[in-house]
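In order, the protein sequences belong to chains A and B. Counting in my numbering, the first sequence runs from 5 upward without gaps. Counting in my numbering, the second sequence runs from 5 upward without gaps. All residues carry an ideal CB built from backbone N, CA and C; glycine is no exception.
There are 2 protein chains.
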Amino acid sequence: MQRFKAEFFKALAHPLRIRILEILAEGDKSVNEIQQLVETEGSTVSQQLTVLRAKNIVTGIKEGNRVIYSLRDPLIIELLDVAKKIFNNHLAETITMLDRLKDADKAE
Amino acid sequence: MQRFKAEFFKALAHPLRIRILEILAEGDKSVNEIQQLVETEGSTVSQQLTVLRAKNIVTGIKEGNRVIYSLRDPLIIELLDVAKKIFNNHLAETITMLDRLKDADKAE
DNA sequence: ACATAATATTCAAATAATCAGATATACTAT
DNA sequence: ATAGTATATCTGATTATTTGAATATTATGT
Numbered sequence: 005m006q007r008f009k010a011e012f013f014k015a016l017a018h019p020l021r022i023r024i025l026e027i028l029a030e031g032d033k034s035v036n037e038i039q040q041l042v043e044t045e046g047s048t049v050s051q052q053l054t055v056l057r058a059k060n061i062v063t064g065i066k067e068g069n070r071v072i073y074s075l076r077d078p079l080i081i082e083l084l085d086v087a088k089k090i091f092n093n094h095l096a097e098t099i100t101m102l103d104r105l106k107d108a109d110k111a112e
Numbered sequence: 005m006q007r008f009k010a011e012f013f014k015a016l017a018h019p020l021r022i023r024i025l026e027i028l029a030e031g032d033k034s035v036n037e038i039q040q041l042v043e044t045e046g047s048t049v050s051q052q053l054t055v056l057r058a059k060n061i062v063t064g065i066k067e068g069n070r071v072i073y074s075l076r077d078p079l080i081i082e083l084l085d086v087a088k089k090i091f092n093n094h095l096a097e098t099i100t101m102l103d104r105l106k107d108a109d110k111a112e
């Protein structure tokens with residue numbers, strides 16, 4: 005069971021894949037549109053989309069010439085949001101920490 | 005920015021680390037307690053705790069002989085919950101799909 | 001000071017993930 | 001049929017992750 009969850013998180017554990025998910029959170033897109041937005045080799049984008057598809061995180065449906073990708077579950081957006089919140093908390097903590105270090109320097 | 009987020013998810017992308025987080029979600033624990041609960045080599049658990057610490061997901065504070073670990077942010081629990089929901093949705097979908105396959109078999 | 005228990009760190013080997021270029025497939029238009 | 005565009009897959013080189021065993025550190029009890 006943990007193994008499945010780990011697989012799921014592993015699918016999110018890549019900068020380009022996160023970027024793609026954030027893009028898809030705004031609305032469905034074709035591979036081409038995604039490729040242009042992320043400015044990355046076509047094959048690389050395709051490969052990462054394959055990873056996301058394999059983990060059931062996105063689906064691609066063929067529309068004529070192109071394939072339109074979309075998030076499979078709107079909860080993905082919520083997940084990214086919670087992650088962002090956690091992230092901001094820690095960023096804030098880190099900044100506070102840095103401030104203290106600076107103060108300590110001055111006090112010497 | 006995406007890189008940081010990816011790092012964060014990467015920290016969750018491991019069965020043992022998820023297991024550890026789920027254990028810590030129930031309450032703080034010492035390394036030893038964790039080791040016994042997960043039934044894994046001591047050094048392995050320690051290494052994974054190091055990973056979680058490095059990503060600011062848990063903190064360990066020394067109490068005499070032992071080190072007590074705890075989640076750094078309660079939002080982690082929320083994150084795992086959302087992940088579980090997504091996971092259950094997909095599990096349900098998969099089961100439905102399997103049912104349909106079964107029905108299709110019968111109909112032949 | 002010494003032995004013991006708890007935890008952390010280092011190292012090397014095995015395994016897995018990423019990337020870009022070449023190639024393949026599918027669709028559309030001429 | 002042929003050419004052009006969109007997407008996917010394969011391949012090999014590179015880099016990262018995981019693991020257990022060995023070693024080190026730190027605190028406690030005698």
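Delimiting residues of the beta strand (DSSP E) encompassing residue i
{"i": "threonine 63 of chain A", "result": "62 to 67"}
{"i": "arginine 21 of chain B", "result": "Here arginine 21 of chain B belongs to no beta strand (DSSP E); instead the alpha helix (DSSP H) covers 19 to 30."}
{"i": "arginine 70 of chain B", "result": "70 to 75"}
Amino acids of chain B, ordered along the chain, whose beta-carbon sits closer than 7 Å to that of residue i
{"i": "glutamate 82 of chain A", "result": "Val86"}
{"i": "leucine 16 of chain A", "result": "Phe13"}
Neighbouring residues, chain A, relative to residue i (Cβ below 7 Å)
{"i": "arginine 23 of chain B", "result": "Gln6"}
{"i": "lysine 9 of chain B", "result": "Ile22, Ala87, Phe91"}
{"i": "methionine 60 of chain B", "result": "The residue you asked about is not methionine; residue 60 of chain B is asparagine in the sequence shown. Going along chain A in sequence order, the residues near asparagine 60 of chain B (Cβ under 7 Å) are His94."}
Chain B contact residues for residue i, given Cβ-Cβ distances below 8 Å
{"i": "isoleucine 90 of chain A", "result": "Phe12, Asp77, Leu79, Ile80, Leu83"}
Contacts that residue i makes with chain B (C-beta to C-beta distance below 9 Å)
{"i": "lysine 33 of chain A", "result": "Correct list: empty, because the minimum Cβ distance to chain B is about 17 Å."}
{"i": "asparagine 69 of chain A", "result": "Residues of chain B passing the Cβ test: none, with the nearest at roughly 28 Å."}
Expected contact under 8 Å - CB spacing of residue i and residue j to nearest Å
{"i": "aspartate 77 of chain B", "j": "asparagine 93 of chain A", "result": "6 Å"}
{"i": "arginine 23 of chain A", "j": "valine 42 of chain A", "result": "5 Å"}
{"i": "asparagine 86 of chain B", "j": "leucine 79 of chain A", "result": "Looking at the sequence itself, residue 86 of chain B is valine, so the reference to asparagine does not match. 6 Å between Cβ atoms; contact."}
{"i": "isoleucine 81 of chain A", "j": "leucine 83 of chain B", "result": "Going by Cβ atoms, the distance from isoleucine 81 of chain A to leucine 83 of chain B rounds to 13 Å, so no, they are not a contact pair."}
{"i": "valine 35 of chain B", "j": "valine 49 of chain B", "result": "7 Å"}
{"i": "phenylalanine 13 of chain B", "j": "alanine 10 of chain A", "result": "Not confirmed; about 11 Å, so no contact."}
{"i": "glutamine 119 of chain A", "j": "glycine 46 of chain A", "result": "Residue 119 of chain A lies beyond the residue range present for chain A, which begins at 5 and ends at 112; the question has no answer from this structure."}
{"i": "glycine 68 of chain B", "j": "leucine 53 of chain B", "result": "Not really, about 18 Å apart at Cβ, beyond 8 Å."}
{"i": "glutamine 51 of chain A", "j": "proline 19 of chain B", "result": "Actually they are not in contact, since the Cβ atoms of glutamine 51 of chain A and proline 19 of chain B sit about 24 Å apart, beyond 8 Å."}
N- and C-terminal bounds of the alpha helix (DSSP H) containing residue i
{"i": "lysine 14 of chain B", "result": "6 to 16"}
{"i": "threonine 44 of chain A", "result": "That residue, threonine 44 of chain A, is in no alpha helix (DSSP H); it is neither H nor E in DSSP."}
Contacts that residue i makes with chain A (C-beta to C-beta distance below 8 Å)
{"i": "asparagine 93 of chain B", "result": "Asp77, Leu79"}
query: Are at least three pairs of beta-carbons, each pair with one atom in the segment 73 to 85 of chain A and one in the segment 50 to 59 of chain B, less than 8 Å apart?
result: no
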